[in-house]
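Peer 1:
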Amino acid sequence: MTTYAIGDLQGCHAELVALLEAIDFNPAHDRLWLAGDLVNRGPGSLECLREVKALGAAACSVLGNHDLHLLAVARGGGKLKKNDTLLPILEAPDREALLDWLQALPLSVRHGDTLMTHAGLLPQWTLDQAEALGAEVNAALTGERAGAFLEQMYGNQPRRWRPELEGIERLRMITNALTRMRFIDAEGRLDFEAKEGLDSAPKGFAPWFQFARQDDPYLIFGHWAALQGRLPKAKVRAEALDTGCVWGGSLTALDLETGKRISVPSQQTREKS
Numbered sequence: 001m002t003t004y005a006i007g008d009l010q011g012c013h014a015e016l017v018a019l020l021e022a023i024d025f026n027p028a029h030d031r032l033w034l035a036g037d038l039v040n041r042g043p044g045s046l047e048c049l050r051e052v053k054a055l056g057a058a059a060c061s062v063l064g065n066h067d068l069h070l071l072a073v074a075r076g077g078g079k080l081k082k083n084d085t086l087l088p089i090l091e092a093p094d095r096e097a098l099l100d101w102l103q104a105l106p107l108s109v110r111h112g113d114t115l116m117t118h119a120g121l122l123p124q125w126t127l128d129q130a131e132a133l134g135a136e137v138n139a140a141l142t143g144e145r146a147g148a149f150l151e152q153m154y155g156n157q158p159r160r161w162r163p164e165l166e167g168i169e170r171l172r173m174i175t176n177a178l179t180r181m182r183f184i185d186a187e188g189r190l191d192f193e194a195k196e197g198l199d200s201a202p203k204g205f206a207p208w209f210q211f212a213r214q215d216d217p218y219l220i221f222g223h224w225a226a227l228q229g230r231l232p233k234a235k236v237r238a239e240a241l242d243t244g245c246v247w248g249g250s251l252t253a254l255d256l257e258t259g260k261r262i263s264v265p266s267q268q269t270r271e272k273s
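Numbering (the UniProt record's numbering), first residue to last: 1 to 273.
#1: Looking at C-alpha atoms only, which residue of Ile220, Glu164, Pro232 and Val246 is the closest neighbour of leucine 32?
#2: For the ligand GTP, is there any heavy atom lying closer than 7 Å to the beta carbon of threonine 3?
#3: To the nearest angstrom, how far is it from the Cα of leucine 241 to the Cα of alanine 5?
#4: Alpha carbon to alpha carbon, what distance is there between arginine 261 and methionine 153?
#5: Compute the Euclidean distance between the alpha carbons of asparagine 20 and leucine 251, then round it to the nearest angstrom.
#6: Helix, strand or coil for alanine 18 per DSSP?
#7: When the Cα of glutamate 96 is compared with those of Lys53, Leu115 and Glu169, which residue comes out closest?
#8: For alanine 234, which of helix, strand or coil comes out of DSSP?
#9: Can you tell me the Cα-Cα spacing of glycine 42 and leucine 34, whole angstroms?
#10: Let me know the secondary structure DSSP gives serine 45 once reduced to three states.
#11: Helix, strand or coil for leucine 141, going by three-state DSSP, please let me know.
#12: Have a look at Asn83, Thr258 and Met1 and flag the residue whose alpha-carbon is nearest the alpha-carbon of residue 347.
#13: How about the stretch 185-199 and the stretch 130-146: do they share at least three Cβ pairs that are nearer than 8 Å?
#14: Determine, using beta carbons only, whether leucine 105 and valine 39 come nearer to each other than 8 Å.
#15: Taking Cβ to Cβ, would you say leucine 198 is nearer than 8 Å to proline 232?
#16: Quick one: Cα of valine 18 to Cα of valine 264, how far?
#17: Would you kindly report the start and end of the unbroken beta strand (DSSP E) that includes methionine 116?
#18: Go ahead and label alanine 140 buried or exposed: buried means 16 or more other beta carbons lie within 10 angstroms of its beta carbon, across all protein chains shown.
#19: Taking the C-alpha atoms as reference points, what is the distance between glutamine 129 and phenylalanine 209?
In structure tokens, the structure reads:
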């Protein structure tokens with residue numbers, strides 16, 4: 001059995017099919033970890049959801065910020081944005097089944113000291129904390145007040161984690177750290193403005209993976225296409241798997257046993273906006 005971790009699909013279904021062929025994926029004995037953002041911006045978001053859902057126990061995915069945006073639009077009063085490509089999902093006959101499946105996905109997947117989240121891991125959090133905190137958000141998403149959470153999920157406050165946070169502020173901070181984080185400061189305060197390469201870091205901020213940790217986990221994440229899969233000056237063991245397929249880059253799978261990367265080229269021609 002081989003386990004492969006795959007970066008952000010973002011609706012790139014043709015590339016997913018090509019990548020599964022390239023790695024000779026067999027759902028009877030192989031497994032997939034998907035780093036979230038299954039949907040949006042690419043042309044095949046509906047097909048990506050159907051494909052991954054149909055794999056059943058052979059695939060597990062974490063939620064990314066675009067996946068949460070879809071849920072907020074569908075079930076939390078959110079609004080579609082100009083560049084969204086989510087309408088086919090919202091109009092699909094199997095819409096509710098797909099949304100139910102998506103809404104139940106976790107914010108982290110772990111095996112031993114290997115942890116996958118969409119955006120990364122705050123240096124202040126252990127693996128156990130990350131799992132427990134992500135489970136709080138998952139409980140909110142699958143509970144009776146899920147719609148209320150999705151309505152209040154958006155926002156950039158609070159920017160720094162404190163254990164005493166409660167209610168929606170606590171849930172929003174956890175969600176933002178696990179699905180939106182790029183640059184942080186030494187206290188773990190999040191920046192939400194800079195979204196490009198490392199040279200876009202605000203003063204006093206650096207990529208989260210350039211801060212030392214007390215432990216030594218193996219971290220797998222997507223979300224940050226501008227990194228192009230590279231982690232300069234990293235002080236943690238980590239793998240960046242968003243190689244910008246939706247922006248004309250590639251879709252990448254990582255063999256978790258050997259560390260080998262397999263990529264297929266993007267078939268997208270859209271410009272980043």
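For glycine and all other residues, C-beta sits at the position ideal for the given N, C-alpha and C. Since the model is a prediction, treat every value here as computed from it, not as a measurement.
Peer 2: On the basis of the data shown:
#1: Distances from the CA of leucine 32 to each of Ile220, Glu164, Pro232 and Val246 were compared; the closest alpha carbon is that of Ile220.
#2: Questions concerning the ligand GTP fall outside what the structure shown contains, since it holds no ligand whatsoever.
#3: Straight across, the Cα-Cα distance linking leucine 241 with alanine 5 is about 8 Å.
#4: Rounded to whole angstroms, methionine 153 to arginine 261 spans 34 Å at the Cα level.
#5: Residue 20 is actually leucine in this sequence, not asparagine. Going by the C-alpha atoms only, they are around 10 Å apart.
#6: The DSSP-derived three-state label of alanine 18 is helix.
#7: Among Lys53, Leu115 and Glu169, the Cα nearest to that of glutamate 96 is on Lys53.
#8: Correct three-state label for alanine 234: coil.
#9: Near 16 Å, if we compare the C-alpha coordinates of leucine 34 and glycine 42.
#10: Here serine 45 sits in helix by DSSP.
#11: If DSSP states are grouped into helix, strand and coil, leucine 141 belongs with the helices.
#12: Limits of the chain in this structure are 1 at one end and 273 at the other, which puts residue 347 out of reach.
#13: No, the stretch 185-199 is not in contact with the stretch 130-146.
#14: Not a contact, by the Cβ cut-off of 8 Å.
#15: Yes; because the gap between Cβ atoms is below 8 Å, this pair is in contact.
#16: Correcting the residue type first, residue 18 is alanine in the shown sequence and not valine. Looking at the two C-alpha atoms, the distance is approximately 7 Å.
#17: For methionine 116, the enclosing beta strand (DSSP E) starts and ends at 114-116.
#18: If you draw a 10 Å sphere on the C-beta of alanine 140, you find 16 or more other C-beta atoms in it, and that means buried.
#19: Using only the alpha carbons, I get a separation of about 17 Å.
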